[in-house]
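In order, the protein sequence lines correspond to chains D and Y.
In case it helps, UniProt numbering puts the first sequence at residues 1 to 168.
In case it helps, UniProt numbering puts the second sequence at residues 1 to 800.
Some notes on the structure that comes next.
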Amino acid sequence: MTHISVTVDGTTYEDEVEPRLLLVHYLRDRLGLTGTPIGCDTSNCGACTVELDGASVKSCTVLAVQADGGEVTTVQGLARDGEWTALQCAFHERHALQCGYCTPGMIMAARDLLRENPHPTSDEVRKGLEGNLCRCTGYQNIVRAVLAVAEGETAPAGQAASAREVTA
Amino acid sequence: MTDQAVEREVGRARLRKEDARLITGQTNWTDNISVTGLLHLAILRSPMAHARIERIDVSPALQRPGVVAVFSGRDLADGLGSLPCAWPVTEDMVLPDHPPLALDEVRHAGDPVAVVVARDRYAAADALEAIEVDYEPLPPVLDLEEALAEQAPLVHADKGTNRAYVWPLRTGEDFEAVKQGADVVLKRRYEQQRLIPNAMEPRAVVVTPLAASGEYTVYSATQIPHILRIMLSTVTGVPEHKLRVIAPDVGGGFGSKLQVYGEEAIALAIARKLGRPVKWTESRSEGYLATHHGRGMIQDVEIAATREGKLLGLKVDLLADMGAYLMLVTPGIPILGAFMYPAIYKMDSYEFTCTGVFTTKTPTDAYRGAGRPEATYAIERAMDELAAEVGLDPVEVRRRNWIRHEEFPYTSIAGLTYDSGNYEAATEKALALFGYDELRAEQHKRNERGDTVRLGIGVSTYTEMCGLAPSRVLRDLRYGAGGWEAASIRMLPTGKVEVVTGTSPHGQGHVTCWSQIAADVLGVPFEDVEVVHGDTKVAPQGMDTYGSRSLVVGGSAVHRAAEKVVEKARKVAAHLLEASEQDLEFRDGVFSVKGSPEARKSIQEIAFETFTSHDVPDGMEPTLNSDHVLDPENFSYPHGTHLCAVEVDTETGQTRIRSYVCVDDVGRVINPMIVEGQVHGGLAQGIAQALYEEAVYDDEGNLVSGTMADYLVPSAADLPDFVTDRTETPAASNPLGVKGVGEAGTIASTPAVVNAVVDALRPLGVHDVRMPCTPERVWEAVRSAQSEQPSGSPRKEASA
């Protein structure tokens with residue numbers, strides 16, 4: 001067992017973990033942060049994408065011990081006081097999710113993409129999200145949502161958004 | 001009566017109520033569920049396609065740390081019967097035993113052999129390697145035609161044959177006679193490769209026992225909690241009323257979770273045996289072996305036509321890969337397609353035969369479209385071949401054969417009554433959006449120039465039967481259950497509304513759409529409606545979600561149930577307002593007396609009045625709740641025209657989709673945003689079959705494409721932007737006028753893309769490319785066509 005200290009979504013946890021424990025299992029099984037799902041075992045699908053020290057990682061390919069001393073942000077740590085981030089709003093408003101299983105990873109990957117390239121083209125969004133698979137949407141509305149944020153069309157608006165209607 | 005209210009919600013692009021949880025991570029996937037004392041299961045699977053189990057010793061695994069119990073098939077055999085097949089398509093269908101854990105023999109790579117129960121998932125997985133199994137290899141059965149040969153090795157030796165069934169359909173004139181009189185006879189063979197459904201959420205099951213009373217709650221990532229409850233009761237012997245099945249948040253299904261899986265039964269059996277809660281979650285690679293596959297067919301298609309391109313007859317001989325066992329609806333999948341080969345076309349003769357074949361591969365079953373994509377592919381590919389043969393544009397050859405809009409309702413040669421449609425309108429709209437004539441002109445110019453990158457244009461005009469299904473039709477097809485759907489409305493004392501539905505959504509947006517339907521009929525705000533589903537304790541009746549049935553059958557049931565509430569409320573309102581029912585108007589949720597608008601009662605007030613029941617009409621039952629079970633009178637028949645333009649590099653074999661336009665007619669639309677999303681996703685999966693995906697087995701029956709790294713689920717970078725539009729011809733067979741939409745995109749798109757690829761290469765002498773049209777296959781098709789005609793000059797293609 002190895003001692004680790006990890007800050008996840010603003011809370012610092014101290015734990016003894018097996019060195020082989022995957023970060024995603026640490027988040028889900030030890031911390032109960034089940035907002036980050038697991039979609040594959042070959043790091044192809046990206047469903048488990050989180051942020052570690054400011055960069056997006058697939059948490060199924062990171063060991064919990066590698067996150068020692070680090071700061072992790074998951075999809076559960078994005079909203080502040082119930083106020084969604086622009087990407088969360090855009091995913092809702094552009095219908096960029098259906099079953100929603102890929103959504104946490106997709107949003108985390110899109111954050112990273114926009115950080116590196118705040119004004120991407122449609123093709124750049126498609127290439128930038130290549131490591132995240134979605135089986136429901138055909139990606140078109142995901143691309144629309146990311147572009148909407150890049151173009152400043154969606155501001156954080158809170159959950160009242162669900163009562164609104166798409167005007168497109 | 002409620003027309004004004006109808007304007008309010010139905011047809012609006014309401015944002016989804018489902019999203020808030022999903023975009024903030026407050027989800028309840030089955031694998032998220034944890035309870036005190038939970039034990040974890042890991043399953044040892046056969047590494048071989050076919051073998052006899054000579055010896056199995058699970059005891060060494062028991063010594064491993066954290067292991068609580070280990071079971072072989074024999075150890076659990078008492079409480080585990082054969083897994084069910086609900087669709088014996090013929091009277092003499094061969095139905096082999098399907099033990100959830102293998103007993104003496106394994107019949108596909110991944111067949112479960114033993115199960116470890118441990119305190120955590122790592123300990124369970126670790127202990128698998130300690131189980132000792134001696135296998136005596138048996139010959140694999142992999143090729144559909146060889147499997148039917150005399151002396152072929154048998155998947156189920158006790159059955160004496162690999163032929164599961166032969167299912168014929170013959171209608172209209174004799175095909176051979178029609179063929180004699182035809183100018184053109186074309187014979188083609190198409191292969192439907194096996195596909196892996198790949199719902200993003202892997203399967204998982206949790207069972208919590210209440211040992212003292214013999215009650216069990218089964219949480220499963222399933223599309224079919226209601227059917228699962230019945231079937232698990234049958235398989236395990238736990239009485240149905242002691243089983244509660246819950247489908248929590250379910251992350252996609254596409255047919256793969258329309259199943260009664262061995263792991264669900266195993267988990268229940270172990271929870272019963274140990275009296276402890278258990279969980280099993282598949283890894284993705286495990287799922288590739290253990291979750292059923294789709295497609296897997298060889299299609300021999302023969303069409304007879306006049307030289308003007310008029311179809312006379314169609315003959316289809318199908319070999320369908322069942323895999324190792326017949327699962328819930330395995331045998332019926334190709335039969336769902338049997339009625340769709342004639343598609344939107346008129347003809348005089350139709351002959352269809354399907355032979356179901358056992359192989360030592362993962363069982364096949366429903367995958368998005370289930371039989372209908374295969375049928376549509378074959379006929380739409382063949383129509384393009386006919387067009388080429390008689391020298392017509394592919395759109396024109398379709399025009400000469402399709403059912404004209406004034407001919408509806410139309411009974412197809414296969415015996416289906418298409419209630420409504422307008423193929424002309426959808427096609428005209430699609431051609432205009434696509435710029436068909438301009439693209440043809442460009443193609444002509446580029447072909448003349450001899451460009452190495454060729455432009456191809458693919459057409460697919462489809463219809464499908466969905467909205468499963470009229471129960472009497474299911475009886476005639478020998479399906480083991482009905483096709484109805486249930487809905488209840490609970491009018492709560494505070495005026496809020498609960499809609500209870502028997503459908504079981506896993507991404508489709510039922511909560512939002514059912515809210516829209518109920519809000520309109522009841523005249524209550526959209527926000528005041530909650531939709532309850534996916535739990536047999538709170539939504540006790542249902543036939544679940546598959547086959548593009550939920551809106552057509554389940555949504556219609558919600559509509560009818562809500563109308564019943566209004567009917568009863570009208571009686572109460574008349575009583576309270578001391579007016580006759582005929583003098584009441586109902587508008588925006590308020591009853592008022594014609595001519596004296598101040599005399600009014602809202603439906604919320606009436607809900608409270610019926611709750612207290614202090615002053616309701618004599619003899620009336622308290623509450624304003626209602627139930628409705630709706631059995632559809634017909635299938636629904638969405639249709640549309642899909643057009644695809646591809647750029648094919650003849651030197652590298654690379655195909656790029658340049659544009660994709662589809663115009664679908666799914667009848668009346670409840671929520672256009674959700675409809676568009678369903679079409680997008682359907683297109684992605686259909687295109688994936690055309691260009692990317694294939695479950696590949698080697699000569700020994702190992703699944704070579706056994707991980708997500710080896711099986712190409714397309715990413716955003718692999719797909720184009722789609723142009724989608726609609727025409728709206730309401731269905732005549734349900735109160736909402738709706739048709740299914742979930743499978744349409746998948747059904748239509750595969751032939752549109754392959755037709756485009758072949759169209760690009762036809763001047764080079766290519767008349768088919770096997771799916772998926774990978775660069776290697778395209779390049780190979782070009783090369784072999786060129787080697788047949790060294791000059792490389794265009795030629796008229798001969799019929800095969």
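Note that the Cβ used here is the ideal one computed from N, Cα and C, for glycine as well.
With a threshold of 16 other beta carbon atoms within 10 Å, Leu210 of chain Y falls short and is exposed. Neighbours of Trp29 of chain Y in chain D, taken as residues at a C-beta separation under 8 Å, are given in chain order as Thr34, Pro37 and Tyr101. For Thr2 of chain D, no chain Y residue has a Cβ inside 8 Å of its Cβ, as the nearest lies near 15 Å away. Shown here for Gln541 of chain Y: same chain residues with a beta carbon closer than 6 Å to its own, the five before and five after excluded, namely Ala486 and Gly502 in chain order. For Met491 of chain Y, the pairing in a beta bridge is given by DSSP as Y:Val497.
Distances from the alpha-carbon of Gly309 of chain Y to those of Y:Gln259, Y:Arg372 and Y:Gly391 put Y:Gly391 closest.
Proximity to His95 of chain D across Y:Val141, Y:Gly745 and Y:Met673 peaks at Y:Met673, based on C-alpha coordinates. Using a Cβ distance threshold of 8 Å, Val218 of chain Y and Leu258 of chain Y do not count as a contacting pair. Against chain Y, a Cβ distance below 7 Å from Tyr26 of chain D picks out nothing, because the smallest value is about 12 Å. Only Val713, Ser715, Ala716, Ala717, Leu719, Asp721 and Phe722 from the region 713-733 of chain Y bring a Cβ to less than 7 Å from some Cβ of chain D. Here the region 537-551 of chain Y does not lie against the region 20-31 of chain Y, with fewer than 3 beta-carbon pairs under 8 Å apart.
Taken in chain order, the complete alpha helix (DSSP H) segments of 4 residues or longer contained in the region 265-294 of chain Y are 284-290. Proximity of Pro277 of chain Y to chain D, defined by a Cβ-Cβ separation below 8 Å, is not satisfied. Residue state for His506 of chain Y is assigned as coil, using DSSP reduced to three classes. Annotation for Gly252 of chain Y: Ala199, Met200, Glu201, His506 and Gly507 place their beta carbon closer than 7 Å to its own, counting only its chain and skipping 5 residues before and after.
By alpha-carbon distance to Glu563 of chain Y, the top candidate from Y:Val552, Y:Leu551, Y:Gly589 and Y:Ala539 is Y:Gly589. For Gly81 of chain Y, the nearest beta carbon of chain D is not closer than 8 Å to its own beta carbon. Taking a Cβ-Cβ cut-off of 7 Å, Glu693 of chain Y has no neighbours in chain D, whose nearest Cβ is about 11 Å from it.
Collapsing the DSSP output to three states places Ala199 of chain Y in coil. Annotation for Ala51 of chain Y: the continuous beta strand (DSSP E) segment containing it runs Ala51 to Asp57. Taking the Cα of Lys361 of chain Y as reference, the smallest distance to any Cα among Y:Ala324, Y:Ala382 and Y:Arg381 is reached at Y:Ala324.
Contact of Val75 of chain D with chain Y by beta-carbon distance below 9 Å involves Ile23, Thr24 and Gly25. Comparing alpha-carbon positions, the option among Y:Gln604, Y:Asp183 and Y:Met465 lying closest to Gly369 of chain Y turns out to be Y:Met465. For Ala199 of chain Y, the C-beta contacts it makes with chain D under 7 Å involve Arg135, in order along the chain.
With contacts defined as CB atoms closer than 8 Å, Asp111 of chain Y and Ala102 of chain Y qualify as a contacting pair.
Asp588 of chain Y has a beta carbon lying at 8 Å or more from every beta carbon in chain D. The distance from the Cβ of Thr364 of chain Y to that of Gly255 of chain Y is about 10 Å, inconsistent with a contact at the 8 Å cut-off.
Judged by DSSP in its simplified three-state form, Leu154 of chain Y adopts coil rather than helix or strand.
Listed along the chain, the chain D residues whose CB falls inside 7 Å of the CB of Asn32 of chain Y are Thr34. Across the structure, Asp249 of chain Y and Thr24 of chain Y are spaced so that their CA atoms are roughly 14 Å apart. Pairing Ser548 of chain Y with Gly371 of chain Y gives a Cβ-Cβ distance that is not under 8 Å. Residues of chain D whose Cβ lies closer than 8 Å to the Cβ of Gly681 of chain Y are, in chain order, Gln98, Arg135, Cys136, Thr137 and Gly138.
Around the beta carbon of Gln516 of chain Y, 16 or more other beta carbons lie within 10 angstroms, which makes this residue buried. Less than 8 Å separates the beta-carbon of Val8 of chain D from that of Thr74 of chain D.
For Asp41 of chain D, the closest alpha carbon among the candidates Y:Asp631, Y:Val648, Y:Glu286 and Y:Leu576 is that of Y:Glu286.
A distance below 7 Å between beta-carbons, with the five flanking residues on each side excluded, links Met708 of chain Y to the following residues of its chain, in chain order: Arg284.
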